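Everything on this sheet refers to the single structure shown next.
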Ligand code: PGA
């Protein structure tokens with residue numbers, strides 16, 4: 064089954080509105096040659112930068128994402144952002160359950176699941192992050208951890224809903240550390256994730272779900288990673304913050 068490549072830039076807490084606008088103004092020209100049917104190119108700025116970036120990418124092949132979403136429609140949830148607020152700005156993708164949210168902000172599989180359901184109900188494409196810590200990998204618990212995150216985070220989704228979800232596999236030990244999983248290690252884990260999705264939702268759904276790799280992915284390793292059978296793109300932190308490096312990464316990924 065051929066799955067369309069999806070490369071998403073996770074800007075994390077970087078870029079003011081002015082800086083974000085400048086970044087995508089430069090990026091637009093650099094990726095204009097990437098055909099829309101070959102790859103989805105997504106940028107996920109911080110909330111306060113989304114509007115300016117959304118304006119700047121109008122008419123381009125770059126799509127807009129957010130880094131989180133609350134499950135309630137509105138109400139007393141200080142510091143949170145609702146689906147309608149994101150929709151108004153032209154957001155199409157939402158990163159959910161990033162390991163930094165799990166580690167520093169108390170995100171659990173249960174809250175991930177609520178956010179995923181809210182995102183789907185609003186018509187967004189959720190990018191659901193899973194990944195093990197270094198000690199999990201070293202003690203042979205990677206598969207157990209991933210299974211629990213998938214089972215909890217995707218609980219109660221219908222097949223039709225699951226077909227719209229993107230999974231991002233991000234080994235926590237590889238995020239921002241310069242340590243990338245080797246293509247072989249990443250592929251082995253992506254394969255495990257796909258088998259789990261096949262078990263949960265049936266092969267016809269599992270085989271179609273796009274699974275991104277994330278964790279120190281850059282222009283230099285993008286081709287080899289995306290060349291793997293079960294790696295369908297990337298969720299990019301550091302290398303997405305500079306237009307030239309993000310563009311190079313996208314072009315190299317498409318050679319994989
Ligand atoms: P990194 O971050 O590319 O800087 O390692 C990836 C991520 O956390 O999404």
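Residue numbers (the working numbering): 64 to 319.
Each residue gets a CB set at the ideal place from its N, CA and C atoms; glycine is no exception.
Treat the numbers as computed from the prediction; the structure is a model and nothing was measured.
Determine the DSSP secondary structure at residue 103, reduced to helix, strand or coil.
strand
Can you say whether residue 168 is buried or exposed, counting buried as having 16 or more other CB atoms within 10 angstroms of its CB?
A residue is called buried once 16 or more other Cβ atoms fall within 10 Å of its Cβ, and residue 168, having fewer, is exposed.
Residue 308 CB to nearest heavy atom of the ligand PGA below 6 Å
no
When DSSP labels each residue in this structure, what does residue 245 get in the three-state scheme?
coil
With a threshold of 8 Å, are at least 3 pairs of Cβ atoms found where one atom belongs to the stretch 143-163 and the other to the stretch 202-211?
no
Quick check: residue 172 and residue 216, are their CB atoms within less than 7 Å of each other?
Yes, these two residues count as a Cβ contact at 7 Å.
Nearer than 6 Å: is that true of the beta carbon of residue 239 relative to any heavy atom of the ligand PGA?
yes
Less than 6 Å between the CB of residue 73 and some heavy atom of the ligand PGA, yes or no?
yes
Enumerate in chain order the residues of its own chain whose CB-to-CB distance from residue 269 is below 6 Å, with the five nearest sequence positions on each side excluded.
Around residue 269: 257, 260, 261.
Just verifying my parser: in three-state terms, what is the DSSP assignment at residue 119?
Helix at residue 119.
Under 7 Å, Cβ to Cβ, is there at least one residue of chain C near residue 123?
Here there is only one protein chain, and chain C is not present.
Going residue by residue through the stretch 185-210, where are the continuous alpha helix (DSSP H) segments of at least 4 residues, counting only ones entirely within it?
197-201
Considering Cα atoms alone, identify which of 283, 186, 225 is closest to residue 272.
That would be 225, whose Cα lies nearest to the Cα of residue 272.
Note the first and the last residue of the continuous beta strand (DSSP E) segment covering residue 73.
68-73
In whole angstroms, give me the CA-to-CA distance for residue 134 and residue 186.
Rounded to whole angstroms, residue 134 to residue 186 spans 13 Å at the Cα level.
Report the option in 76, 80, 218, 281 whose CA atom is closest to the CA atom of residue 175.
Just measuring C-alpha positions, the residue of 76, 80, 218, 281 sitting nearest residue 175 is 218.
Taking 6 Å as the cut-off, is the C-beta of residue 300 nearer than that to any heavy atom in the ligand PGA?
yes
When you compare each of 152, 130, 144, 137 to residue 164 by their alpha carbons, which one comes out closest?
130
Alpha carbon of residue 96 to alpha carbon of residue 308, nearest angstrom
16 Å
Spatial neighbours of residue 316 in its chain, beta-carbon cut-off 7 Å, leaving aside the 5 residues before and after:
68, 70, 285, 286, 289, 296, 297
Among 252, 267, 251, 242, whose alpha-carbon lies nearest the alpha-carbon of residue 221?
Nearest Cα to residue 221 within the set 252, 267, 251, 242: 267.
Excluding the 5 residues flanking residue 152 on each side, which residues of the same chain have their C-beta closer than 6 Å to its C-beta?
113, 114, 117
Verify the contact flag: residue 277, CB atom, against every heavy atom of the ligand PGA, threshold strictly below 6 Å.
yes
Whole angstroms are fine: how far does the CA of residue 170 sit from the CA of residue 102?
30 Å
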